[in-house]
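Chemist: Have a look at the structure that comes next, please.
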Amino acid sequence: MKIQYFALLRDITGKKEEDWPQPEATVGQLVRDLVAHYGHAFERWVMKDGDLWDLVIILVNGHDVRHMQRFNTPLAPDDTVVIFPPVGGG
Amino acid sequence: MYGWIGKVLRVNLSTGKISTEALDPAVAKDYLGARGLGTKFMVDEVDPKVDPLSPENKLIFLPGPLTGSFAPSAGRYTVVTKGALTGAIASANSGGTWGPELKFAGYDAVIFEGAAPKPVYLWIKDQTVEIRDASHIWGKDVPGTSDAIRAETDDDAKIACIGPGGENKVLFACIMNDLHRAAGRSGTGAVMGSKNLKAVAVVGTGAVTCADPKTFERAVMTARDMIQKHPVGGTGLRLYGTDVLTNILNSIGAYPTKNFQDGHFPTADKLGGETLSATLLQRPKGCFSCIISCGRVTKVTNPKYAGEGEGPEYETSWGFGGDCMIDDLEAVTKANFICNEYGLDTITMAATIACAMELYDKGLITREDTGGLALEWGNAEAMVEATRLTAIGEGFGKKLAVGSYRLADSVGHPELSMTVKKQEIPAYDARAIQGIGLNYATANCGAAHVRGYTIAPEVLGTPMKVDKDTIDGKPELVITFQNLTAALDATGSCLFATFGIGAPQLADMLSAITGVAYTAEDFMKCGDRIYNLERQFNLAAGLTAKDDALPPRLLQEPIKTGPSAGMLSRLPEMLPVYYQLRGWDENGVPTPAKLGELGLAA
Amino acid sequence: MAKMLMINADKCTGCRNCELACSMEHEGVFRPDATRVHVYTWEREGFSVPMMCQHCRDAPCITVCTPHALTRDPATGWVNLDDAKCIGCKMCVQACPFGNAIWDELNHKVLKCDYCGGDPACAKFCPNHAIEWVDDLIATRTRKRAFSEKFKQAFSE
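Residue numbers (the working numbering), protein chains in the order written: chain A, 3 to 92; chain B, 4 to 605; chain C, 311 to 467.
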């Protein structure tokens with residue numbers, strides 16, 4: 003599945019986007035994979051108190067997971083996941 | 004008085020009379036300052052039916068009670084007038100350092116009346132106020148104006164001025180201060196030009212006082228801490244500026260493209276804040292007392308578009324970018340620099356060009372009309388040239404100078420102008436985001452995003468996340484944001500402080516500096532009062548509920564591609580609820596009961 | 311080890327919170343004209359520098375001060391101004407090569423940074439670490455580290 007990174011996450015992952023080789027069933031499992039791979043620097047911009055940080059924008063095919071099932075939002079192998087850390091406004 | 008100075012400067016440019024008067028504490032208490040106080044002066048002193056470019060209109064510059072203090076990011080001022088572009092009440096808000104300097108000079112407001120017979124500028128040094136000849140400065144761009152005036156006044160004078168844009172009465176000309184900051188929208192610069200007023204130069208050596216310094220400092224430190232801990236206010240805006248919104252809006256399919264024909268732009272990343280920071284950004288910049296520093300000091304070295312200055316902000320990047328189907332950030336930044344140097348509102352300039360591109364595409368204007376300019380979608384050179392021509396008032400620029408509504412109307416198709424009350428809609432698609440569409444339709448100054456920035460909850464998720472696609476609860480949300488923003492604007496605070504703080508913190512700081520007690524409810528009520536007063540001015544100016552409308556495209560033509568494809572604005576369902584919750588009748592007129600509640604005259 | 315106010319001009323955004331903090335601390339009002347730290351901004355380039363008394367070891371202001379209102383405290387190394395002894399001749403204002411001794415006409419006195427007695431308000435209020443109250447021996451460590459990293463990168467390739 004395709005993952006696109008924006009803002010600080012581009013510096014932290016070193017990428018704008020990547021084809022993640024191990025498709026996961028839910029958004030939460032994917033995020034945990036990414037945290038394991040990229041470490042604390044990634045985690046602190048996506049997680050808060052062990053859960054998805056409310057200000058993080060995660061989109062699955064352009065739709066905000068905060069209005070779906072958050073970390074339980076299901077994923078299909080050809081989905082595009084977009085992750086924005088909470089940095090934008092104006 | 005504390006916080007406020009207690010003095011208003013009045014300048015009649017027709018007679019040359021300069022006078023001062025006391026600021027009525029009762030009025031200050033109810034309307035605060037800046038946008039609120041300015042609207043009160045307009046309603047009390049100006050016939051709402053005046054021609055905005057006539058001497059009967061007034062032009063008022065006002066900081067707020069927090070301006071000049073170390074309240075975080077609270078150094079702003081507002082220009083209030085009847086807008087040349089809209090014919091509605093206009094209150095354009097600007098940062099930089101000009102507003103605080105006026106407070107240090109000893110004034111809560113400068114009211115300009117009439118019109119000077121020849122070009123003049125006003126020179127304020129504390130109590131010494133002079134109307135000076137500006138004939139030798141008329142025609143200079145903003146940097147040239149600043150240099151010339153400083154050479155004959157003071158090296159460190161803070162200057163608010165118009166460029167050739169305002170002199171030529173481009174209907175969307177703006178007022179610039181500190182070279183790179185703009186009191187941008189609704190054509191305040193044209194009003195200033197119509198008064199033959201080139202600039203207001205200020206040096207202030209006095210003080211802004213504080214009623215309770217210890218309590219104020221505590222309230223300020225609390226507010227600073229909340230803003231610094233907020234990821235947007237504390238980190239994001241400094242790293243990426245507002246342009247970081249490009250990719251966010253595009254990723255949800257709410258990035259208006261091709262004059263709102265669509266909502267998604269495949270190459271938007273080339274215009275975004277990440278790209279800006281990696282390529283053109285020199286360093287961040289902060290306005291007076293700011294702890295956020297969203298300002299972008301930028302430089303383009305490519306000789307084709309060379310220049311330096313500040314910006315582009317998100318709206319500018321969007322307007323000259325995706326709205327025109329352009330993805331060349333250097334061209335966009337150059338157009339931004341031209342607007343700053345000549346004093347033009349970037350949002351209206353850009354959206355007017357986008358509209359012109361659609362008219363050109365449809366054959367409603369031809370290459371002959373444009374003087375040979377190939378105004379094709381995506382033609383970055385033509386976009387920059389169109390901007391330059393508008394700035395210097397030549398060729399096709401003269402036709403663009405009236406804004407998109409009058410341009411489209413002149414060829415019989417006003418519906419192709421994406422405006423509300425003749426002011427161009429900014430960078431968030433109302434079909435993909437329901438609340439912001441309601442805000443565009445009901446903002447008193449015409450389409451504007453900052454009047455009720457529901458993008459924060461609807462897209463970003465701050466202070467809480469609401470679904471952008473529902474209409475439930477949106478009228479209430481828009482009203483709350485509009486009222487909070489009106490009160491906040493009236494204090495001199497920057498809107499971006501709300502990435503962190505809200506009414507309680509603003510009320511605490513306001514109470515401690517002025518010595519007048521405000522609860523959060525009092526604060527919101529001030530906002531409600533200001534909002535209704537603006538509405539009254541507009542109704543008396545001849546605007547009606549018909550003007551609380553979006554262009555037909557947003558109600559009838561769904562977004563074509565991207566994650567929000569198929570969507571339309573549901574404004575007609577939200578508007579009646581909005582009126583009702585506002586305490587207005589079905590025609591959008593405030594009821595006597597509502598006016599009574601706010602202490603407003605019928 | 312003593313402390314000093316370190317100026318990191320590359321971090322200054324021109325917000326002037328330092329000026330406001332200083333004037334509130336010393337004068338009880340917000341009056342940038344009466345501050346002991348001033349931010350100089352180049353508007354076109356958007357570059358700003360906060361400036362304040364550097365408490366020079368060989369201070370020209372002390373040399374010209376005939377009533378000895380300006381003295382150097384050997385324990386702290388600070389240059390202190392005793393308002394009671396000052397006659398307001400403004401010779402220190404002429405002598406300081408950096409322009410950091412300021413004459414306040416409103417109150418008829420000389421203004422000069424006094425480090426707020428050891429807890430400078432400007433450093434506390436600066437939101438960008440453009441002014442830092444740091445131990446003198448490590449004051450430049452951040453810069454050394456930042457620049458030496460360029461060598462590290464160059465030699466790593």
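Glycine included, every Cβ here is placed at the ideal spot set by N, Cα and C.
#1: Count the other C-beta atoms from every protein chain shown that fall within 10 angstroms of the C-beta of B/E333, then say buried if there are 16 or more, exposed otherwise.
#2: Skipping 5 residues on each side, what residues in its chain have a beta carbon closer than 8 Å to that of B/V123?
#3: Per the DSSP calculation, B/S97 is bridged to which residue(s)?
#4: Does any CB atom of chain B fall closer than 8 Å to the CB of A/R72?
#5: Which residue or residues does DSSP assign as beta-bridge partners of B/C164?
#6: Could you give the first and the last residue of the continuous beta strand (DSSP E) run that contains B/Q285?
#7: Could you tell me which residues DSSP pairs with C/P360 in its beta bridges?
#8: Express the C-alpha separation of B/A119 and C/D414 in angstroms, rounding to a whole number.
#9: Quick check on B/Y5: does DSSP put it in helix, strand or coil?
#10: Can you pull the chain C residues whose beta carbon is under 7 Å from the beta carbon of B/Q130, in chain order?
#11: Using a threshold of 8 Å, state whether the C-beta atoms of B/V453 and B/P460 are closer than that.
#12: Please state whether DSSP places A/L36 in a helix, a strand or coil.
#13: Rounded to the nearest angstrom, what separates B/V203 and A/D51 at their Cα positions?
#14: Would you grab the beta carbon distance between B/T301 and B/M352 for me? Rounded to a whole angstrom, and I think it's under 8 Å.
#15: Give, in chain order, every unbroken run of the beta strand (DSSP E) that is at least 3 residues long and sits entirely within the region 387-458 of chain C.
#16: Beta-carbon of B/C290 versus every beta-carbon of chain C: anything under 8 Å?
#17: Quick one: which chain C residues come within Cβ less than 8 Å of B/S72?
#18: For the region 286-297 of chain B against the region 314-334 of chain C, are there 3 or more C-beta pairs whose distance is under 8 Å?
#19: What span of residues does the alpha helix (DSSP H) with A/I14 cover, start to end?
#20: Under 7 Å Cβ to Cβ from A/N74, same chain only, skipping five residues before and after it: list those, please.
#21: In angstroms, rounded to a whole number, what distance separates the CA positions of C/D429 and B/G142?
#22: Return helix, strand or coil for B/Y124, following the three-state DSSP convention.
#23: Starting from the C-beta of B/G438, find all residues in its chain whose C-beta is less than 7 Å away, skip the five residues before and the five after it, and write them out in chain order.
#24: What residues of chain B sit near C/M334, judged by a beta carbon separation below 8 Å?
#25: Between which two residues does the beta strand (DSSP E) holding B/N15 run?
#26: Could you tell me if C/A456 is buried or exposed, where buried requires 16 or more neighbouring beta carbons within 10 angstroms of its beta carbon?
#27: So who's on the other strand from B/S22, going by DSSP bridges?
#28: Since B/N253 contacts B/M360 with CB under 8 Å, what's their CB separation in whole angstroms?
#29: So that I know if they touch, is there some Cβ in chain C lying closer than 8 Å to that of B/D181?
#30: Applying the 10 Å Cβ sphere with the 16-neighbour rule, what's the burial state of B/M386?
#31: So with Cβ pairs under 8 Å, would you call B/Y243 a contact of chain A?
#32: Would the region 343-358 of chain C count as touching the region 229-247 of chain B if we require 3 or more Cβ pairs under 8 Å?
#33: With a cut-off of 8 Å, does the C-beta of B/K468 fall near any C-beta of chain A?
#34: Could you tell me which residues DSSP puts in a beta bridge with B/P66?
#35: Where do the ends of the alpha helix (DSSP H) carrying B/D150 lie?
#36: Which residue from C/K400, C/D368 and C/H365 puts its Cα closest to that of C/P377?
Modeler: In short, the structure shows the following:
#1: buried
#2: L16, I134, R135, D136, A137, N199, L200 and K201
#3: B/Y80
#4: no
#5: Note: B/C164 sits in a beta bridge opposite B/M179 and B/A202.
#6: L284 to K288
#7: Paired residue(s): C/V349.
#8: 37 Å
#9: coil
#10: Among the residues of chain C, none has a CB under 7 Å from the CB of B/Q130; the nearest is roughly 13 Å distant.
#11: The beta carbons of B/V453 and B/P460 sit no closer together than 8 Å.
#12: DSSP, reduced to helix, strand and coil, places A/L36 within a helical segment of the structure shown.
#13: 52 Å
#14: Not quite, the Cβ-Cβ distance comes to about 18 Å (not below 8 Å), so this is no contact.
#15: 389-391, 412-414, 419-421 and 441-445
#16: yes
#17: L330 and F340
#18: yes
#19: L10 to T15
#20: T28 and G30
#21: 50 Å
#22: strand
#23: T457, E461, K477, L480 and V481
#24: Neighbours of C/M334 on chain B, chain order: F73, C213, P216 and E220.
#25: K10 to N15
#26: So C/A456 ends up on the exposed side.
#27: B/R13
#28: Cβ atoms of B/N253 and B/M360 stay farther apart than 8 Å, at about 19 Å.
#29: yes
#30: Residue environment for B/M386: buried (at least 16 other C-beta atoms within 10 angstroms of its C-beta).
#31: Closer than 8 Å to some Cβ of chain A, the Cβ of B/Y243 qualifies, so yes.
#32: no
#33: yes
#34: B/Y80
#35: V145 to E155
#36: C/K400
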